[in-house]
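Student:
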Amino acid sequence: ILHEKYVYLIIHQARSILKTLPNVNQINLSNLHHIYIIGDLHGQLADLLHIFNLNGLPAADNSYIFNGDFVDRGPKSIEIMLLLLTAIILYPSSVFLNRGNHEDIMITAQYGFQEEINNKYPVRL
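Its first residue numbered 877, the sequence shown is counted upward by one per residue in my numbering.
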């Protein structure tokens, strides 16, 4: 588990970037060699790592769109969110996050993300 001070730094930096972005992503595909579209990770970190192993990590020339449902159900939702937020910090022009229904506060309460946060980080972040 990543120390909470680093979790806070990642969240704070990513939030600063995300606040500047529009609600709807518009992507100029002419500048991209390729783009990977990933959806419904649902806390399955092994799946995300496998995707990165096959296709490479996000980078200036390796873009990803993540189509929501990053969290809930699987045991590593926090780790997925921290990894995706770190990717946004490093490559804000190459990583796009589209919120799914499992990123809604009511759904996260029902399907386990809030419980995972409270179990792994009992101090309020």
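Don't be surprised by glycine CBs; every beta carbon is placed ideally from N, CA and C.
Note that the coordinates shown come from a computational prediction; the quantities given were computed from them, not determined experimentally.
1) What I want to know is whether the C-beta of residue 959 ends up closer than 7 Å to one or more non-hydrogen atoms of the ligand FAD.
2) Assuming residue 950 and residue 975 are in contact, meaning their beta carbons sit under 8 Å apart, how far apart are those beta carbons, in whole angstroms?
3) Could you check if residue 939 is buried or exposed, using at least 16 other CB atoms within 10 Å of its CB as the buried criterion?
4) Taking residue 907 as the reference, which of 882, 993, 969 has the closest Cα?
5) Going by alpha carbons, who is nearest to residue 971 out of 880, 936, 997?
6) Counting only runs of 3+ residues fully inside the stretch 916-991, write out the beta strand (DSSP E) ranges in chain order.
7) Taking C-beta to C-beta, are residue 1075 and residue 992 nearer than 8 Å?
8) Measuring alpha carbon to alpha carbon, tell me which residue in 958, 883, 952 is nearest residue 918.
9) Ends of the beta strand (DSSP E) at residue 912?
10) Out of 903, 902, 920, point me to the one whose CA is closest to residue 947's CA.
11) Taking the C-alpha atoms as reference points, what is the distance between residue 901 and residue 923?
12) Less than 8 Å separating the beta-carbons of residue 887 and residue 961?
Tutor: For this structure:
1) In terms of ligand content, the structure shown is empty, and the ligand FAD therefore cannot be addressed.
2) With a Cβ gap of about 17 Å, residue 950 and residue 975 do not count as contacting.
3) Its Cβ being crowded by 16 or more others within 10 Å, residue 939 is buried.
4) Out of 882, 993, 969, the CA that lies nearest to the CA of residue 907 is found in 969.
5) Closest by alpha carbon: 936.
6) Within the stretch 916-991, the complete beta strand (DSSP E) runs of at least 3 residues are 939-943, 971-974.
7) Residue 1075 cannot be examined here, being either before or after the span of the chain that is shown, 877 to 1001.
8) Residue 952 is the option with its Cα nearest to residue 918.
9) Run containing residue 912: 911-914, per the beta strand (DSSP E) assignment.
10) Minimum Cα distance to residue 947 is reached at 920.
11) For residue 901 and residue 923, the distance between alpha carbons rounds to 24 Å.
12) Going by C-beta atoms, residue 887 is nearer than 8 Å to residue 961.
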